[in-house]
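Q:
Residue numbers (the numbering used here): 404 to 1223.
(1) Between residue 537 and residue 469, what straight-line distance do the alpha-carbon atoms span, to the nearest angstrom?
(2) Looking only at DSSP bridge pairs, what is residue 753 linked to?
(3) Name the DSSP bridge partner or partners of residue 654?
(4) So, using beta-carbon positions, are residue 948 and residue 862 closer together than 8 Å?
(5) If we call anything under 8 Å between Cβ atoms a contact, is residue 480 one with residue 1172?
(6) What residue range does the alpha helix (DSSP H) around residue 981 cover?
(7) Per DSSP, what are the beta-bridge partners of residue 684 in this structure?
(8) For residue 1121, count neighbouring C-beta atoms within 10 Å of its own C-beta (all shown protein chains included) and say buried if the count is 16 or more, exposed if not.
(9) Under the assumption that residue 1193 contacts residue 811 (Cβ atoms under 8 Å), give the Cβ distance between them as a whole number of angstroms.
(10) Thinking C-beta only, is residue 832 closer than 8 Å to residue 820?
(11) Give me the DSSP bridge partner(s) of residue 1249.
(12) What's the C-alpha gap between residue 659 and residue 922?
(13) With three or more C-beta pairs closer than 8 Å as the rule, is the region 761-768 touching the region 910-920?
(14) Taking its Cβ as the centre, do 16 or more other Cβ atoms sit within 10 Å of residue 1049, making it buried, or is it exposed?
(15) For the beta strand (DSSP E) holding residue 1111, just list the boundary residues, first then last.
(16) Report the rounded CA-to-CA distance for residue 807 versus residue 1014, giving the unit in angstroms.
(17) Check residue 696 in the structure and name its three-state DSSP category.
(18) What is the DSSP secondary structure of residue 728, counted as helix, strand or coil?
(19) What are the boundary residues of the beta strand (DSSP E) that residue 710 is part of?
(20) Which one of 776, 610 and 995 has the shortest CA to CA distance from residue 738?
(21) What first and last residue would you give for the alpha helix (DSSP H) that runs through residue 1234?
(22) What span of residues does the beta strand (DSSP E) with residue 450 cover, start to end?
(23) Hey, how far is the Cα of residue 540 from the Cα of residue 582?
(24) With a Cβ-Cβ cutoff of 8 Å, do residue 670 and residue 1153 count as a contact?
(25) Measuring alpha carbon to alpha carbon, tell me which residue in 655, 790 and 1011 is nearest residue 983.
(26) With a cut-off of 8 Å, do at least 3 Cβ pairs link the region 1110-1120 to the region 1128-1143?
(27) Measure the Cβ-Cβ separation of residue 719 and residue 845 and say whether it is below 8 Å.
(28) Between the C-alpha atoms of residue 1158 and residue 827, what's the straight-line distance to the nearest angstrom?
(29) Between the region 845-855 and the region 731-750, do three or more beta carbon pairs fall short of 8 Å?
(30) Kindly indicate which three-state DSSP category residue 805 falls into: helix, strand or coil?
(31) Who are the Cβ neighbours of residue 418 in its own chain at under 8 Å, not counting the five residues just before and after it?
(32) Taking residue 519 as the reference, give the member of 791, 604, 477 and 475 with the closest Cα.
(33) Since residue 523 contacts residue 786 with CB under 8 Å, what's their CB separation in whole angstroms?
(34) Please determine, among 711, 510 and 566, the residue with the shortest C-alpha to C-alpha distance to residue 1196.
(35) Could you tell me the alpha carbon to alpha carbon distance between residue 396 and residue 994, rounded to whole angstroms?
(36) Under three-state DSSP, which class holds residue 842?
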């Protein structure tokens, strides 16, 4: 379709926006005389360019009311589908065998397994514990959020917003929610790096001989305890990566005054995250005058900002290497497959009978029941698919302990950060709460020359000495599949996670034993461990459960530190513009380091014609995956096959921990193996219907209604700092971001000038999931064009935004209790 200027698009969208926002009704916006004396929700919603809402209220409940309303207004179908998931009702509406249509932090299990998991783990008891652990402010936010969401659902049911959310507005699974649904959503986020990685394993865990309702019988492994089938363990597929696949991560860089040369710091945040589904980011500003003024992004269903900035601090996150869970091998009592020995005593597992409603093909609904079990450590697991040696048999069973299952401080910590008043205040909050669930943190402060990195949060207190002393033989073999995860002897209390008076919760690591770094030059993390947050000051001496040191770094980590060095080499200092350009330049570190060595060995006289053509394309390629780059897609396909060769055979110079950012180096593979890998890549390109010299956008794009938007970037495995990596096979869809899209999501470059916060952002997925919304693709177009947006933050900037549309929502006090 023809390209429109930003101004033209805003003019075309304005009538729709005005209609969408003029949703107030006399019954809710003009209170009766009887209600005039009672407290009410009242919030001002100001939408600026790209539909970003700036919510302003005088109390926490009203702020939540506005936030629940606008999130539903923009993303109702995704949110309603997610609430069905968290309640364990997917099989009732969509059938047992189907799977969630969008990837999420818990993957895409079958509906039946998802339902049993959520009804068992994210149950009423978990909701009550979460609610009871929150401050009055957070409870008010959540109460208001649910009420605001319900208001929008009510208005839609009355026939307002014709054409909006056509995919779900009449669906039986779209309805009002309770505050319990929000707590379930928050708890799901808690468990993303622990129990959420084991949805099916928890949902199907049964003692030997039992057949859970609607599930396949477990493998009947009989390997004796202490004699694991090491061959099977070594050959098993690695445990599901966080989020269900590799690539979910982030880039984060913070430059201090020594790097910027202007006395202040600058922060770059770029989570590589989901573009669709309930974990996608939603951008907003939340304001209570005198109490709160924060801008950034939240997960859908969350009432607080999780990555962003206020007038005094800015922060971002990257996925941490620290393990947030551990496994315990239980020794079962002979003849009693649901009882185990602990310190010489017999303990019975706790059974829970869980029933799920399942819709059959004929539309009828029937119950399916399973009995699932917990030990003192946590839920039991069915790990037989990984190896028969890990099955629940007559002698052993495995239980999961998730440190974040009892970490109800997570979103309170974010709310505290939303109100932080300095970098020192931000750091104090992080150390006091020790609540960050599964991410590293990078932060800067107004008027502060320093930058902060920390992996301080909820981490199991499993020091190396404990792991070495208490890991059973099966755990040592298991380490090949999930390195760093403690697999411990569950028969002895002295092998449980250690208790420390300095820890915020039982079994958690004390803050003093977790890594952090304050610098005046820079800190960076690209999903590597804490070790090289700044290569000039390596962090060492920490437990292996937090992450490895002296280990080969990813290509993206090497490129991230290369970018940091190049930016600092500018005599004028690191500038926002240079940082923005570097973040989106789409260089491939694998090509920068290894393309020429590959071509020197592969491109020899006498090659077949197809190899000669491939060599010519790659020789002319500029080593980027920009939208018009020709050769990037071929290189990516080739590198995927080259990675099948063991590192010891692939590289000419092996990894050297003394030179972690320059090794491994060179290519040692001979011509024949390189030719075989290239022939396989050429076959992949042919099968996908993509010419080897096609521009990157021929394979990498996203469809928004009738518009195909060309994109740029690539996957972590090829060493792209600029990430675009949909989770589906490379086939006739190419690298299309239409299915399970993942990559650059919310990007921010934040600094403080003349005492004010200045932020440029991009939201690659756009604000809305509704094809009828004017904000379904506008942010994606801006991202594709690399047009950073200066976010209006001050009252003056918001008031002068050309796209400003304002609405005031008011509701009677009765609505405060309606969602509870």
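We put the CB at the ideal spot given by N, CA and C, even for glycine.
A: Concretely, from the data shown:
(1) Looking up residue 537 in the chain shown gives position 134. Looking up residue 469 in the chain shown gives position 66. Cα to Cα, the separation comes out at about 20 Å.
(2) For this step, residue 753 is matched to residue 350 along the chain shown. BP columns for residue 753 point to 777.
(3) Your numbering for residue 654 matches position 251 in the chain shown. Its beta-bridge partners are 673.
(4) As a working note, residue 948 is residue 545 in the chain shown. As a working note, residue 862 is residue 459 in the chain shown. The answer is yes: Cβ separation under 8 Å.
(5) Taking the first residue of the chain shown as 1, we reach residue 480 at position 77. Taking the first residue of the chain shown as 1, we reach residue 1172 at position 769. Yes; because the gap between Cβ atoms is below 8 Å, this pair is in contact.
(6) By one-based count along the chain shown, residue 981 stands at place 578. Per DSSP, residue 981 belongs to the alpha helix (DSSP H) from 979-986.
(7) Taking the first residue of the chain shown as position 1, residue 684 is located at position 281. Answer is 702, bridged to residue 684.
(8) The count along the chain shown starts at 1 and reaches residue 1121 at position 718. With 16 or more other Cβ atoms within 10 Å, it is buried.
(9) By one-based count along the chain shown, residue 1193 stands at place 790. By one-based count along the chain shown, residue 811 stands at place 408. The pair is not a contact, with the Cβ atoms about 37 Å apart (cut-off 8 Å).
(10) The sequence position of residue 820 within the chain shown is 417, counting from 1. The sequence position of residue 832 within the chain shown is 429, counting from 1. Closer than 8 Å, so yes.
(11) Because the chain is modelled from 404 through 1223, residue 1249 falls outside the range shown and cannot be assessed.
(12) Residue 659 sits at position 256 when you count from the first residue of the chain shown. Residue 922 sits at position 519 when you count from the first residue of the chain shown. Straight across, the Cα-Cα distance linking residue 659 with residue 922 is about 7 Å.
(13) no
(14) Mapped onto the chain shown, residue 1049 falls at position 646. Exposed.
(15) Translated into positions along the chain shown, residue 1111 becomes position 708. Where residue 1111 is concerned, the enclosing beta strand (DSSP E) stretches over 1110-1113.
(16) Taking the first residue of the chain shown as 1, we reach residue 807 at position 404. Taking the first residue of the chain shown as 1, we reach residue 1014 at position 611. Near 52 Å, if we compare the C-alpha coordinates of residue 1014 and residue 807.
(17) By 1-based counting over the chain shown, the position of residue 696 is 293. Looking at residue 696 - three-state DSSP - the assignment turns out to be strand.
(18) Here residue 728 refers to the residue found at position 325 of the chain shown. Strand at residue 728.
(19) The residue labelled residue 710 in the question sits at position 307 within the chain shown. It spans 710-713 - the beta strand (DSSP E) in which residue 710 sits, taken as one unbroken run.
(20) Taking the chain shown and counting its residues from 1, the one referred to as residue 738 is at position 335. When only C-alpha atoms are compared, the closest one is 610.
(21) Outside the shown range of the chain (404 to 1223) lies residue 1234, about which nothing can therefore be said.
(22) Residue 450 sits at position 47 when you count from the first residue of the chain shown. First-last of the beta strand (DSSP E) with residue 450: 444-450.
(23) Within the chain shown, residue 540 is the residue found at index 137, counting from 1. Within the chain shown, residue 582 is the residue found at index 179, counting from 1. Looking at the two C-alpha atoms, the distance is approximately 14 Å.
(24) Locating residue 670 in the chain shown gives position 267, counting from the first residue. Locating residue 1153 in the chain shown gives position 750, counting from the first residue. In this structure, residue 1153 lies closer than 8 Å to residue 670 by Cβ.
(25) Position 580 of the chain shown holds residue 983. Out of 655, 790 and 1011, 655 has the C-alpha closest to the C-alpha of residue 983.
(26) Three or more Cβ pairs drawn from the region 1110-1120 and the region 1128-1143 lie within less than 8 Å of each other, which places the two stretches in contact.
(27) In the chain shown, the residue the question calls residue 719 occupies position 316. In the chain shown, the residue the question calls residue 845 occupies position 442. Contact flag set, yes.
(28) Looking up residue 1158 in the chain shown gives position 755. Looking up residue 827 in the chain shown gives position 424. Looking at the two C-alpha atoms, the distance is approximately 17 Å.
(29) Between the region 845-855 and the region 731-750, the count of Cβ pairs shorter than 8 Å is below three; the stretches do not touch.
(30) Counting from one through the chain shown, the residue named residue 805 turns up at place 402. Three-state DSSP puts residue 805 in a strand.
(31) Position 15 of the chain shown, counted from the start, is the residue given in the question as residue 418. For residue 418, the predicted structure reports a pLDDT of 36, less than 50, and the residue's modelled location is therefore unreliable. The matter cannot be settled from this model.
(32) As a first step, residue 519 is located in the chain shown; it is residue number 116 there, counting from the start. The shortest C-alpha separation from residue 519 is found at 604.
(33) The sequence position of residue 523 within the chain shown is 120, counting from 1. The sequence position of residue 786 within the chain shown is 383, counting from 1. 17 Å between Cβ atoms; not a contact.
(34) In the chain shown, residue 1196 corresponds to position 793, counting from 1. Minimum Cα distance to residue 1196 is reached at 711.
(35) Because the chain spans 404 through 1223 in this model, residue 396 falls outside it and cannot be assessed.
(36) Residue mapping note: residue 842 aligns to position 439 of the chain shown, counting from 1. In this structure, residue 842 counts as strand in the three-state DSSP scheme.
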